[in-house]
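*Asks:* The working numbering numbers the first residue of the sequence shown as 273 and each following residue consecutively.
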Amino acid sequence: MGASIVLLVLGTGHPLAILLVLPTGHPLAILLVLPLPGYVLTAALFPRAQDIDWIERIALSFGLSIAVVPLLGLLLNFTPFGIRFGPIVATLALFTLLVGLAAYWRRMRLPSEQRLSFTLDLNPPAWNEYGFVDKVLTIALAASIVVAGATLMYVLATPRPGERFTEFYILGPGGNASGYPTALNVSEPGTVFVGVVNHESASVNYTVRVSLVGVNRTFNATLGYNVTVEVNRTVLDTLATDLGDTANTTWTYTFAIDRAGMWKVEFLLFRDGDFAAAYRSLHLFVTVPRP
273 MGASIVLLVL GTGHPLAILL VLPTGHPLAI LLVLPLPGYV LTAALFPRAQ
323 DIDWIERIAL SFGLSIAVVP LLGLLLNFTP FGIRFGPIVA TLALFTLLVG
373 LAAYWRRMRL PSEQRLSFTL DLNPPAWNEY GFVDKVLTIA LAASIVVAGA
423 TLMYVLATPR PGERFTEFYI LGPGGNASGY PTALNVSEPG TVFVGVVNHE
473 SASVNYTVRV SLVGVNRTFN ATLGYNVTVE VNRTVLDTLA TDLGDTANTT
523 WTYTFAIDRA GMWKVEFLLF RDGDFAAAYR SLHLFVTVPR P
């Protein structure tokens, strides 16, 4: 599993740098993109408290992040590293660190009374000054905040299950998505690789049914274009395997067609013995000329 590096630079009082290593897709990993790069850049450009107010500072943090992140990606595109996960994470973390240090340097050069700060003054009355109803409401509100905070932390800390799916593919003889045997002579063998990768978060029994389907291309006057019509169908083979989560298998499958015409080699994937409807389907059109 990949990881995102999130660097928090807090500039009130003494700077506090916190390095977080988070799994890819973690909700806090978004901090690496929004709003940290824009916030440190705003702090570097406007270090004085009176330069801009907090609403403008927050708006600029998001706006500059949206502008900076694509520019950094564009610059990476012209480097040998390219736009890949690792270089993007490293570049964003390095940008945030360096600009954050520049913001801190500019901040420390200012008189203390001009430095950006945020102060919240709370002067609640003494507990014995509350009435009975006020005390009950205060306790209920405090309990609600604690429960909401605990729920939020649980949601953030609990990994969300990823999308469940199965990769099903056919490749040409070279193991690439090219060079498929689409033109064969009568009885000439054609070879493909049939692959299955399990991302279902559970063990699955897979069955691949290979069929040879005779087809004709006819003009449909109603639709105004040619359509492919199935003429006959023959089951050639059945491939089966059990795969655990993230496991994969590949079959080297060779077929031959003993009659001329247009054919469709069809690969139908079924799960756990459910043959009512195919879970995935692939096909390969093959033309066999007359001898």
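C-beta atoms are modelled at their ideal positions from N, C-alpha and C, and glycine is treated no differently.
State buried or exposed for Thr522, treating a residue as buried only when at least 16 other CB atoms are found within 10 Å of its CB.
*Replies:* Residue 522 sits at position 250 when you count from the first residue of the sequence shown. Exposed, by the Cβ-count rule.
*Asks:* Quick check on DSSP: helix, strand or coil for Asn349?
*Replies:* Locating residue 349 in the sequence shown gives position 77, where the first residue counts as 1. Three-state DSSP puts Asn349 in a helix.
*Asks:* Quick check on the DSSP output: the beta strand (DSSP E) that includes Arg481 runs from which residue to which?
*Replies:* Working through the sequence shown from its first residue, we reach residue 481 at position 209. Val476 to Asn492 is the extent of the beta strand (DSSP E) around Arg481.
*Asks:* Just list the residues that DSSP pairs Met534 with in beta bridges.
*Replies:* If you number the sequence shown from 1, residue 534 lands on position 262. Answer by DSSP bridge pairing, in chain order: Val487 and Thr559.
*Asks:* For Met425 and Ser416, what's the separation of their Cα atoms in angstroms?
*Replies:* Here residue 425 is taken as the residue at index 153 of the sequence shown, counted from 1. Here residue 416 is taken as the residue at index 144 of the sequence shown, counted from 1. The straight-line gap from Cα to Cα measures roughly 14 angstroms.
*Asks:* DSSP state of Thr423, grouped into three classes?
*Replies:* For this step, residue 423 is matched to residue 151 along the sequence shown. Helix.
*Asks:* Considering only DSSP beta bridges, list what Ile442 is partnered with.
*Replies:* On the sequence shown, residue 442 is found 170 positions in, with the first residue counted as 1. Per DSSP, Val466.
*Asks:* Would Glu538 be called buried (16 or more neighbouring beta carbons within 10 Å of its own) or exposed?
*Replies:* Counted from its first residue, the sequence shown places residue 538 at position 266. Glu538 should be labelled buried.
*Asks:* Thr500 to Tyr551, Cα distance in whole Å?
*Replies:* Position 228 of the sequence shown, counted from the first residue, corresponds to residue 500. Position 279 of the sequence shown, counted from the first residue, corresponds to residue 551. Taking the straight line from one Cα to the other gives about 22 angstroms.
*Asks:* Under three-state DSSP, which class holds Asn457?
*Replies:* Mapped onto the sequence shown, residue 457 falls at position 185. In the structure shown, Asn457 sits in coil (DSSP, three-state: anything other than H, G, I, E or B).
*Asks:* Comparing C-alpha positions only, which one of Pro453, Asn477 and Tyr478 sits nearest to Thr559?
*Replies:* On the sequence shown, residue 559 is found 287 positions in, with the first residue counted as 1. Measuring from the Cα of Thr559, the nearest candidate turns out to be Pro453.
*Asks:* Measuring only the C-alpha atoms, how far is Val464 from Val485?
*Replies:* Looking up residue 464 in the sequence shown gives position 192. Looking up residue 485 in the sequence shown gives position 213. Looking at the two C-alpha atoms, the distance is approximately 17 angstroms.
*Asks:* Can you tell which of Tyr525, Phe542, Arg543 and Ala362 has its C-alpha closest to the C-alpha of Leu556?
*Replies:* Numbered from its first residue, the sequence shown carries residue 556 at position 284. If we check each option's Cα against that of Leu556, Tyr525 comes out closest.
*Asks:* Would you kindly work out how many angstroms separate the C-alpha atoms of Leu369 and Val418, rounded to a whole number?
*Replies:* Position 97 of the sequence shown, counting from 1, holds the residue named residue 369. Position 146 of the sequence shown, counting from 1, holds the residue named residue 418. So the two alpha carbons sit approximately 33 angstroms from each other.
*Asks:* Which residues share a DSSP beta bridge with Thr506?
*Replies:* On the sequence shown, position 234 is the one that residue 506 refers to. Answer by DSSP bridge pairing, in chain order: Leu484.
*Asks:* Can you tell which of Ala398, Leu336 and Phe357 has the C-alpha that lies nearest to the C-alpha of Val371?
*Replies:* Here residue 371 refers to the residue found at position 99 of the sequence shown. When each option's Cα is compared against that of Val371, the closest is Leu336.
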